[in-house]
């Protein structure tokens with residue numbers, strides 16, 4: 124009885140340690156990546172405009188809500204798929220749910236540079252018919268991080 | 132009375148058996164390829180390759196930058212690997228064409244599964260027009276709206 128109790132306690136401790144180890148680097152890694160994405164975007168914005176003075180959540184919000192006429196006709200806005208609020212669940216044109224874009228609602232988002240670049244490449248082309256500028260990307264991210 | 136029942140019952144049993152057999156063949160090999168499930172499945176169910184001919188999949192994969200009205204482009208490595216999977220398992224990949232080759236040839240390249248004669252026939256029979264207007268269905272590409280196990284290749288539930 125005693126032995127099994129000790130074993131149980133020990134295995135619980137072991138599980139707790141493993142879980143902590145597994146969780147901690149994962150979380151800080153995606154936070155690190157998020158930081159890196161913002162830094163990279165900031166550097167790109169500065170390279171294009173020496174007077175660049177920082178990203179704006181308000182401009183990001185305006186971009187998110189804007190209706191465009193230069194992209195593909197089925198996707199005139201971010202809101203076409205992501206719903207009118209980043210706090211809400213969206214839906215692809217094929218009917219699949221999309222987790223909210225706000226970082227507070229989807230804490231795992233924006234933690235992978237490659238993924239972020241992939242979706243900016245695709246969706247800016249779909250909605251705007253061109254690549255987004257570094258300022259637009261930074262504004263968008265700032266808005267999503269503020270939500 | 133009993134005599135009539137004895138005559139009808141076996142016939143009825145046979146009919147039920149045939150009906151079930153006819154219905155129970157809408158099963159397709161589930162898509163297990165990791166890249167396909169992850170990359171295609173993020174926007175829509177990863178459709179089973181047996182539902183379009185090789186040429187269709189090639190035509191789709193070469194133009195991901197305008198994929199049914201959206202940019203779904205991927206890097207070259209992923210694009211090639213997904214195309215390879217779909218061509219390898221396409222409707223006309225076997226020694227005899229699959230069901231979805233009915234009314235099509237190896238040269239056919241419809242871009243939508245919902246445009247194939249087989250799909251049209253199967254759905255025109257059974258699906259009332261009003262069902263397509265249900266907001267939960269949204270589009271004919273949304274198989275899982277009605278076929279709950281579609282992503283596992285099971286379309287027997289109609």
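Protein chains in written order, with our numbering: chain C, 124 to 270; chain G, 132 to 289.
Beta carbons are placed, not taken as given, at the ideal position from N, Cα and C, and that holds for glycine.
Distance between beta carbons of residue j and residue i, contact taken as under 8 Å
i                      : j                      : result
residue 218 of chain G : residue 189 of chain G : 7 Å
residue 257 of chain C : residue 200 of chain G : With 8 Å as the limit, residue 257 of chain C and residue 200 of chain G do not qualify as a contact, their Cβ atoms being about 27 Å apart.
residue 267 of chain G : residue 276 of chain G : 6 Å
Same chain, Cβ closer than 8 Å to residue i, neighbours up to 5 away in sequence not counted
i                      : result
residue 207 of chain C : 188
residue 235 of chain C : 153 and 156
Beta-carbon spacing of residue i, residue j below 8 Å
i                      : j                      : result
residue 175 of chain G : residue 225 of chain C : no
residue 204 of chain G : residue 245 of chain C : yes
residue 185 of chain G : residue 211 of chain G : no
residue 164 of chain C : residue 261 of chain C : yes
residue 259 of chain C : residue 186 of chain C : yes
residue 202 of chain G : residue 166 of chain C : no
Close Cβ partners of residue i (< 7 Å) along its chain, the five nearest in sequence each way excluded
i                      : result
residue 164 of chain G : 216
residue 190 of chain C : 199 and 200
residue 159 of chain C : 236
residue 231 of chain C : 153
residue 205 of chain C : 213, 221 and 224
Segment limits, alpha helix (DSSP H) that includes residue i
i                      : result
residue 166 of chain G : 165–172
residue 257 of chain C : 257–269
residue 274 of chain C : Residue coverage of chain C in this structure runs from 124 to 270, which leaves residue 274 of chain C outside it and unanswerable.
residue 237 of chain G : First-last for residue 237 of chain G: undefined, no H or E at that position.
residue 255 of chain G : 248–257
residue 286 of chain G : Per DSSP, residue 286 of chain G belongs to no alpha helix (DSSP H) and is neither H nor E.
residue 183 of chain C : 180–188
residue 76 of chain G  : Look at the range of chain G in this structure, 132 to 289, and you will see that residue 76 of chain G is not part of it.
residue 204 of chain G : First-last for residue 204 of chain G: undefined, no H or E at that position.
residue 202 of chain C : 202–205
Inter-residue spacing [alpha-carbon to alpha-carbon] between residue i and residue j
i                      : j                      : result
residue 201 of chain C : residue 286 of chain G : 33 Å
residue 220 of chain C : residue 272 of chain G : 14 Å
residue 151 of chain G : residue 231 of chain G : In this predicted model, residue 151 of chain G has a pLDDT of only 48, less than 50, meaning its place in the structure is not dependable; the value taken from the coordinates is given anyway. Between residue 151 of chain G and residue 231 of chain G, the C-alpha separation is close to 20 Å.
residue 262 of chain G : residue 254 of chain G : 11 Å
residue 264 of chain G : residue 170 of chain C : 50 Å
residue 172 of chain G : residue 228 of chain G : 26 Å
residue 236 of chain G : residue 183 of chain G : 11 Å
residue 168 of chain C : residue 251 of chain C : 19 Å
residue 242 of chain C : residue 194 of chain G : 17 Å
6 Å CB neighbourhood of residue i in its chain, flanking five on each side removed
i                      : result
residue 269 of chain C : 180
residue 167 of chain G : 177, 213 and 216
residue 178 of chain C : 261, 262 and 265
residue 182 of chain C : 262
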